[in-house]
Every structure is written in C-alpha cells, then in structure tokens.
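Position one of the sequence shown corresponds to residue 6 (our numbering), numbered consecutively onward.
See below for the structure under consideration.
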Amino acid sequence: RRAAAAAAAARRAGASGGTMNTFFSPAGGGLFLGEICANTSNTPQAWYNPGEGGDWIDVFLNISPFAWAYLGLALSLGLSVLGAAWGVWATGTSLVGAAVKAPRIKSKNLVSVIFCEATAIFGVIISIILLGKVSTDGNAAILEKNCASVFFGGYSIFWAGFSVGVTNLASGITVGVSGSGCALADAQDSSLFVKILIVEIFGSALSIFGLIIGIIQSQNADFTTN
6 RRAAAAAAAA RRAGASGGTM NTFFSPAGGG LFLGEICANT SNTPQAWYNP GEGGDWIDVF
66 LNISPFAWAY LGLALSLGLS VLGAAWGVWA TGTSLVGAAV KAPRIKSKNL VSVIFCEATA
126 IFGVIISIIL LGKVSTDGNA AILEKNCASV FFGGYSIFWA GFSVGVTNLA SGITVGVSGS
186 GCALADAQDS SLFVKILIVE IFGSALSIFG LIIGIIQSQN ADFTTN
C-alpha cells in the first residue's frame, strides 16, 4: 500500500511539472509555505497521509498570515461598529418615543448613546494598534527562521481582533438594551435614571475588558521577514 501511495504521489508530482501548483502540497505545507516561506512546512508529519497528498490542516497553511492579520483587523472594526449601531438603534428609538410624552428625558439620556458609540471607538483604537504591527509587505520573501514567527503574528492579530470585535458587539447590544430601558423608566420615574445608568456603565465596561485582552494577545506579534 505504501509503495502504491508513493507511486501515485510521484505521478501527481510529475504531472504538475515538479512544482507545487496544486492546492495541497505533497510536502505537507501549502503554496504560501512553498513559495514565500523558503520551502518550510509547519505541518507535523504525523498529520500527512501520503495516500491522499495532504490533509485538512494544509488549508490553514495555504492562507497567508497577512490575510489572517487583516481579517482580524476587519473583524475588530466591523463587529465593533455593528455593536455600536445596534445599541444606538435600540436606545435611540426608545428615547425618541418616550421623549414625546416626557421631553425632559431627551438631554440626560443621550449618555446612553455615548456609551454605545464608545464601543465603536474602542474598535477603531484596537484596529490602529494592530495595523501598526503589520509592518511588512505581504509579497516579501520570508526567511526560513522567521516563518513560524510570521505565522504566529498573523494568528495572534486575527484572534486579538476577533476577541475585541465580539466583546464590543456584546457590549453594544447590552448598553443599547439597558439604555432603552433607562429612557422608558426615566420617563415614568426620574429617580430610576441613576440606578439604571449604573447597569449601563457595567455593560460598557465589557468593551474595555476586551480592549485590554486584545492588546495583551497581540503584544508578541512579529512580522519580521528578513
């Protein structure tokens, strides 16, 4: 079986002209590893099945770490803005509706909208921080000794952006729902405003926690290629 599998792999390599122009590389790496990362493969050989010419883990190794990094940037900013928009939508509609009957609430309840907008600001901040770490050209050749470091940097920034984005999304929804309740409660009884505002503050603090964790996650990201 092993001899037959090896012969099949050799035929596939010969049919491709000896270059790695197939999606799965017979060496256990991907096109990115073969062409950019100095023929280095981070795939453990125990995961490589010669009879199939590759494994599912190769999918990740075929994706450039720069793509992972920029995807993390997009998630951090996009999810944060989505959370802020959701919160402003929930708070704003309740505030405008309740202000028809109680015009006095329209000024002080704007603090709920500000808390929602803060989640988008945190997303912009972490995106700028992460973007500053991706300081090299994605088309540049990467030395073999730096290949693992660059992959780590890509994954690190991706998960940092994902963590911040999801946290800000949850925070924005939380502040929006509590802010909506705050506006309605304040319209009925002004003494409830401060009490419910405390709930909003704790909901807004979730985005700060995500920002801190995102900075910690990405602090060792390094895209040195030479």
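We put the CB at the ideal spot given by N, CA and C, even for glycine.
(request) Identify whether T172 lies in helix, strand or coil by the three-state DSSP scheme. (result) helix
(request) Pick helix, strand or coil for C68, following the three-state DSSP scheme. (result) Checking the sequence, you will find Ile at residue 68 rather than Cys. Reduced to three states, the DSSP call for I68 is coil.
(message) Which of the three DSSP states is assigned to D191 in this structure?
(response) helix
(request) Figure out for me which residue from Q222, L82, G181 and L87 has the closest Cα to the Cα of F207. (result) G181
(message) If you measure between the beta carbons of I235 and I203, is that distance less than 9 Å?
(response) One cannot answer for residue 235 here, as it falls past the ends of the chain, which runs 6 to 231.
(request) Take W164 and list the residues in its own chain whose beta-carbon comes closer than 8 Å to its own, dropping the five residues that flank it on each side. (result) G77 and Q222
(request) Starting from A125, trace the alpha helix (DSSP H) both ways and give me its first and last residue. (result) L115 to K138
(request) To the nearest angstrom, report how far apart I218 and G186 are at their CA atoms. (result) 29 Å
(request) Below 8 Å CB to CB, which residues in the same chain sit around L87 once its five sequence neighbours on both sides are set aside? (result) L174 and G177
(request) Would you check if the distance between the CB atom of I133 and the CB atom of A192 is smaller than 9 Å? (result) no
(message) Need the endpoints of the alpha helix (DSSP H) that S209 sits in, please.
(response) F198 to S223
(request) Please name the residue in K200, S168, G92 and S154 whose C-alpha comes closest to that of F120. (result) G92
(message) Please classify V129 as buried or exposed, where buried requires at least 16 other C-beta atoms within 10 Å of its C-beta.
(response) exposed
(request) Assign S195 to buried or exposed, taking buried as 16 or more other Cβ atoms, counted over all protein chains shown, within 10 Å of its Cβ. (result) exposed
(message) Quick check: the Cα distance between W73 and A125, rounded to an integer number of angstroms?
(response) 21 Å
(request) Can you say whether V169 is buried or exposed, counting buried as having 16 or more other CB atoms within 10 angstroms of its CB? (result) buried
(request) Would you please verify whether the beta carbon of K138 is less than 9 Å from any beta carbon of chain D? (result) The question asks about chain D, but that chain is absent: this structure has only one protein chain.
(message) Output needed for T229: all residues of its chain with C-beta closer than 6 Å, excluding positions within five of it in sequence on either side, in chain order.
(response) N151
(message) Rounded to the nearest angstrom, what separates S161 and G215 at their Cα positions?
(response) 15 Å
(request) Identify, in the order they occur along the chain, each residue of the same chain with its Cβ nearer than 7 Å to the Cβ of L211, setting aside the five sequence neighbours on each side. (result) T172, A175, S176 and T179
(request) Reducing DSSP to helix, strand and coil, say where A5 ends up. (result) Nothing about residue 5 can be read from this structure; the chain reaches only from 6 to 231.
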